[in-house]
Amino acid sequence: MIHADEATPNVLLPAGYDIFWSLVVTVIIGFFFFKYLLPKLNVILDERTAKIEGGLALAEKAQAEAASAKADVERELAEARKEAAGIREEAVSDGGQIVIDARAKAQTEANRIAENAQRQIDAERQAAVVSLRTEVGGLASELASRIVGESLTDDARQSRVIDRFLDELDAGVPSGAAGSRDQEA
Amino acid sequence: MLPGERILSTAAIALPILAETEDSSGSGFHAPGIDEFFPPAIFGSTDLDSWWGFDRIMMVRVIMMVVLLLLLWLGIRRAKLVPGRGQNIIELGVEFVRVQIAEQVLGHERAKPYLAMLTTIFFTVLTMNIAGVIPFLNISGNARVGLPLVLAVWVLVVYLAAGVRKHGVGKYLKAQLFPPGIPWPAYLLITPIEALQVFVLRPATLTIRLLANMMAGHLMLVLCFSATNFLLLEGGGLVKLTSALSFAGGIFITLFEVFVALLQAYIFTLLASIYLNFALEEEH
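Following this line, the structure appears as structure tokens:
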């Protein structure tokens, strides 16, 4: 209640103690802000800014690295593909060559075997001819002596007769056999 | 005019009406008056020339200061790179002053030396204002002229010093008192106005705007709640129902006062930045 006899205080006129406590409060709060809160916050904020910037730079770097790694991989992959294609082509041509070589080798081998066989056959035939001639000569002279009697007992004559006979036989066989026989004679 | 100031005039109109109610009914209705802001001393003397008195409003100031510092200390004590909840809120407030007020007006580089002062002022004004709606405190620390005056004088001293440091005494005063680009006879008129503006009106308006808003808010709250009390307890019959109306008004004014507390802290800090900007400008 406002009492009529009491002077109404002027709200705009500061009392000494009002100023005093205002100063106390302001100075303490100001001190806290100037010396503690703001420096501490600024350190944190600066650190955060630095960290974010560092993080961004790091991310950028990582991205660039990833991109270059990807390019490397792609390049290597392309190289590998090219190499593989080259190898395949080479293999195909090599294969062709191998087949051709093998075929030629087989051909020569076959020829060699055939030649060997031919030579063996010839040798055996020669042996057969020689043994046959001896045998046939014996048989023939024995047969002839039996038929003609004792007339052909004379050795020299006998031998001449046999040879002539065989020559006549030879005239009827292939030239190779005749030739070889001629050499022997 | 700001909303709070409009309320002051509203209160001035409302007060006599309720005071008449008191006269006609003769009951104990407590009409809030200027005495609200001059409570008795808790210790010392509350005379104008006393330097050591301590009353309820001084107590509110000290309590709010302790609470503010305690909360800030708790929130920032283990400040980390990745902030927790408390640190986030504090950073929000500090960043608001820096980005939305200081750098907006002064620019990034020029704001730097004054950030600490502006932040201190913002938090001090806001904390003291909000005490007006805190139960059991119920009055703003700025509802007495001392604190707004101290803060305004701080701003005055800092912006004068900033101007003098930047331009030198002569050039600063010339730029402030003799703005270029007007015919010289106009200085007869302009120079006294500018002088009054720079040295008296700026700090005075800072002080009175804040003080009047807080006084008006307090008066409105007291009015609403004491009217509710009176109407409910002493009103007869249907008159009791009108207490619901005044109670709802009290709730509304309480919420409004939270807004005004923020708004006044913002305005005080914003104007301080603008005055600093005037002092630091190259050309007026």
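Protein chains in written order, with our numbering: chain A, 8 to 192; chain B, -18 to 265. Idealized CB from N, CA, C, for every residue including glycine. Fair warning: this is a prediction, and the values are worked out from it, not measured in the lab.
Among residues of its own chain, excluding the 5 on either side of residue i, which ones have a beta-carbon nearer than 7 Å to its beta-carbon?
i, result
"Ala134/A", "none"
"His148/B", "Ala156"
"Ala124/A", "none"
"Met195/B", "Asn110, Gly113, Ser121, Asn123, Ala124"
"Lys221/B", "Leu212, Leu213"
"Ala22/B", "Gly34, Phe35, Asp36"
"Gln70/A", "none"
"Glu72/B", "Pro64"
"Gly67/B", "Leu55, Gly56"
Looking only at its chain, what residues have a beta carbon closer than 6 Å to the beta carbon of residue i, apart from the 5 residues adjacent to it on each side?
i, result
"Ile234/B", "Met201, Leu202, Cys205"
"Ala92/B", "Ala83, Glu84"
"Leu49/B", "Thr108"
"Gly179/A", "none"
At what residues does the beta strand (DSSP E) containing residue i begin and finish?
i, result
"Ile71/B", "Here Ile71/B belongs to no beta strand (DSSP E); instead the alpha helix (DSSP H) covers 66 to 76."
Starting from residue i, follow the alpha helix (DSSP H) in both directions and report where the run begins and ends.
i, result
"Ile115/B", "Here Ile115/B belongs to no alpha helix (DSSP H), and DSSP marks it neither H nor E."
"Phe211/B", "183 to 215"
"Phe24/B", "Phe24/B -> not in any alpha helix (DSSP H); beta strand (DSSP E) instead, spanning 22 to 24."
"Ile163/B", "Run containing Ile163/B: none; DSSP gives neither H nor E here."
"Ala12/B", "From DSSP, Ala12/B is part of no alpha helix (DSSP H); its letter is neither H nor E."
"Asn123/A", "45 to 155"
"Asn17/A", "Neither: Asn17/A is in no alpha helix (DSSP H) and is coded neither H nor E."
"Glu175/A", "162 to 178"
"Ser121/B", "Run containing Ser121/B: none; DSSP gives neither H nor E here."
"Val136/B", "127 to 148"
"Gly230/B", "223 to 261"
"Val86/B", "84 to 87"
Could you please give me the residues that DSSP links to residue i through a beta bridge?
i, result
"Asp36/B", "Ala22/B"
On a Cα-Cα basis, can you pick out the residue from the options that is closest to residue i?
i, options, result
"Glu263/B", "Gln81/B, Lys152/B, Glu17/B, Leu128/B", "Lys152/B"
"Ile102/B", "Ala176/B, Arg91/B, Leu187/B", "Leu187/B"
"Phe10/B", "Ser207/B, Leu236/B, Leu170/B", "Ser207/B"
"Glu24/A", "Phe24/B, Ser31/B, His199/B", "According to the sequence as given, residue 24/A is Tyr; it is not Glu. Among Phe24/B, Ser31/B, His199/B, the Cα nearest to that of Tyr24/A belongs to Ser31/B."
"Glu76/B", "Ile115/B, Ala260/B, Tyr247/B", "Tyr247/B"
"Gly230/B", "Leu252/B, Glu175/B, Gly198/B", "Gly198/B"
"Thr27/B", "Arg132/A, Val137/A, Leu150/A, Trp28/A", "Trp28/A"
"Val239/B", "Gly14/B, Val114/B, Val80/B", "Val114/B"
"Tyr43/A", "Leu261/B, Pro21/B, Gly74/B, Ala60/B", "Ala60/B"
"Val80/B", "Leu251/B, Arg37/B, Val150/B, Leu130/B", "Leu251/B"
"Asp170/A", "Ala78/A, Val155/A, Gly145/A, Ala76/A", "Gly145/A"
"Asp162/A", "Ile51/A, Ile154/A, Glu131/A, Ser148/A", "Ser148/A"
"Asp53/A", "Leu62/B, Val43/B, Leu51/B", "Leu62/B"
"Phe39/A", "Leu52/B, Trp33/B, Ile15/B, Gly34/B", "Leu52/B"
"Pro160/B", "Ala143/B, Val179/B, Ala193/B", "Val179/B"
"Leu130/B", "Gly144/B, Ala143/B, Leu182/B", "Leu182/B"
"Ala176/B", "Ala167/B, Phe18/B, Val150/B, Leu154/B", "Leu154/B"
"Phe24/B", "Ala12/B, Gly14/B, Ile38/B", "Ile38/B"
"Met46/B", "Ala111/A, Glu83/A, Thr15/A, Val32/A", "Val32/A"
"Leu87/B", "Phe18/B, Leu158/B, Arg66/B, Ala143/B", "Ala143/B"
"Phe18/B", "Leu63/A, Ile51/A, Gly62/A, Asn17/A", "Asn17/A"
"Pro20/B", "Gly65/B, Asn119/B, Leu73/B", "Asn119/B"
"Gly14/B", "Gly61/A, Ile59/A, Val34/A, Thr15/A", "Thr15/A"
"Met40/B", "Phe117/B, Gly162/B, Phe104/B, Leu73/B", "Phe117/B"
"Pro94/B", "Glu97/A, Glu142/A, Glu122/A, Phe41/A", "Phe41/A"
"Thr141/A", "Ala111/A, Leu173/A, Ile154/A", "Leu173/A"
"Ser152/A", "Lys58/A, Val168/A, Leu139/A", "Val168/A"
Below 8 Å on the Cβ atoms is my guess for residue i versus residue j; work out the distance and round it to an integer in Å.
i, j, result
"Gln111/B", "Ala253/B", "It is worth fixing the name first, because residue 111/B is Ile in this sequence and not Gln. No, Ile111/B and Ala253/B are not in contact; Cβ-Cβ is about 19 Å, not under 8 Å."
"Thr223/B", "Gly216/B", "7 Å"
"Leu226/B", "Val106/B", "That pair is no contact at about 32 Å."
"Pro184/B", "Leu257/B", "Contact doesn't hold; Cβ gap of about 13 Å is too wide."
"Val145/B", "Leu19/A", "With 8 Å as the limit, Val145/B and Leu19/A do not qualify as a contact, their Cβ atoms being about 28 Å apart."
"Phe104/B", "Ile51/A", "Phe104/B to Ile51/A, Cβ: 18 Å. No contact."
"Thr266/B", "Phe237/B", "This structure does not reach residue 266/B, given that chain B is present from -18 up to 265, and the question cannot be answered."
"Ala57/A", "Leu29/B", "Contact flag wrong, Cβ pair sits at about 54 Å."
"Thr100/B", "Leu63/A", "No, Thr100/B and Leu63/A are not in contact; Cβ-Cβ is about 28 Å, not under 8 Å."
"Arg42/B", "Leu132/B", "Actually they do not touch by this definition, with Cβ atoms about 12 Å apart."
Might you give, ordered along the chain, the residues of its own chain that have their beta carbon closer than 8 Å to the beta carbon of residue i, omitting 5 neighbours on each side?
i, result
"Trp135/B", "Met98, Ile102"
"Ile70/B", "Gly56"
"Ala73/A", "none"
"Ile163/B", "Ile171"
"Leu261/B", "Leu87, Arg91, Ala143, Gly144, Lys147"
So does residue i have its beta carbon nearer than 6 Å to some heavy atom of the ligand MN?
i, result
"Trp165/B", "Of ligands this structure carries none, so the ligand MN is not represented either."
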